[in-house]
Every structure is written in C-alpha cells, then in structure tokens.
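Working notes, structure below.
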Amino acid sequence: MKIGFLGLGKMGTPMVRRLLAAGHSVTVWNRTRNRAEELTPVGALVAATPAEAAQGQDAVFSSLKDDASYEEVFFGTSGNGADGLMEAFAPGQLHLSLSTLLRRCASLWPSQLCRRRPSLDRRCRSTRADRKDQASA
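Numbering-wise, the working numbering puts 28 at position 34 of the sequence shown, and it's gapless, one number per residue.
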C-alpha cells in the first residue's frame, strides 16, 4: 500500500517505522523537515509539503499536535491552500486522523472538503444522509 504520513512526533515516527517494516511505501512530511529526513535510512520518502505527501497515495495518516497544526496541514500555509492536504486529496483516497482535536476542528475537514471539492460532493451528501438515517433509527 502507498501511504502518506503527516506528523512525525512521538506517535507518528514509530508508526511509520512499523509501516515500512511491513513493506508499505511511505512518504512522510513534518513541519520540522529533519524529523522526516531521519526516516530515509529505513526507506521513507520525504515530501516538501502535505499536498506532495498525499499525491498518488492510497491512504494518508495525520498525527498532528493540535488544532492549529491541523488547520495548517489541511488548508495550507501559502494563503491559497495549494500546499495543504485539502487540494491534494483525491476521490477514493482514505484519510486516517490520529490527532487529538477539538470537535469544531475535527468536523472542519469533512465540511470544508465537501464545500471546496465539488467532485467529491456525492460522497459528502451520502455521508450526511447516512448520519441522519442513523440518528433517526
């Protein structure tokens, strides 16, 4: 499996090592680049941006420190969002968030994805409909 991994702290680094040991191809990104480069001897590829780490991957893991880090990674630092995960996320790609986030921030990603990426809108509508059906059951 091709995996992008964003955030290489105390939890992210050991997870990447295990994914690589299991034979997965892992592209990593961290705000502090040297944390990412430390994983190249064990087979990790290093990306310059969260968007680059996500491009062409089957799944993207994020293991981020806090809400501010989450917003920077997902919506980008360039002001136009081009370097954030939001712009690189592709139909059929899986995202697994391992971060501890406030509820407002955790719900921001799916709602903004649906709003900014109309090509994924059908999936967004069915997800909202599924939640309504589950709530009324």
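Virtual Cβ for every residue (Gly too), placed ideally from N, Cα, C.
Remember, it's a predicted structure, so these values are computed and weren't measured experimentally.
Extent of the continuous beta strand (DSSP E) to which residue i belongs
i: residue 63; result: First-last for residue 63: 61 to 69, but that is the alpha helix (DSSP H), not the beta strand (DSSP E).
i: residue 0; result: -4 to 0
Paired residues, beta bridge with residue i - DSSP
i: residue 89; result: 54
i: residue 39; result: 21
Where the alpha helix (DSSP H) through residue i begins and ends
i: residue 6; result: 6 to 15
i: residue 45; result: 44 to 48
i: residue 79; result: 79 to 82
i: residue 141; result: Nothing about residue 141 can be read from this structure; the chain reaches only from -5 to 131.
Spatial distance of residue i from residue j (CA atoms)
i: residue 49; j: residue 78; result: 11 angstroms
i: residue 38; j: residue 61; result: 26 angstroms
i: residue 25; j: residue 2; result: 9 angstroms
i: residue 59; j: residue 67; result: 11 angstroms
i: residue 22; j: residue 40; result: 5 angstroms
i: residue 125; j: residue 56; result: Its pLDDT being 47, under 50, residue 125 is placed unreliably by the model, and the measurement read from it follows with that caveat. Cα to Cα, the separation comes out at about 24 angstroms.
i: residue 92; j: residue 51; result: 17 angstroms
i: residue 53; j: residue 28; result: 23 angstroms
i: residue 69; j: residue 6; result: 20 angstroms
i: residue 20; j: residue 65; result: 22 angstroms
i: residue 15; j: residue 80; result: 29 angstroms
i: residue 84; j: residue 63; result: 21 angstroms
i: residue -5; j: residue 89; result: 13 angstroms
i: residue 46; j: residue 4; result: 22 angstroms
i: residue 17; j: residue 86; result: 22 angstroms
Three CB pairs or more closer than 8 angstroms across the stretch 0 to 11 and the stretch 27 to 37: yes
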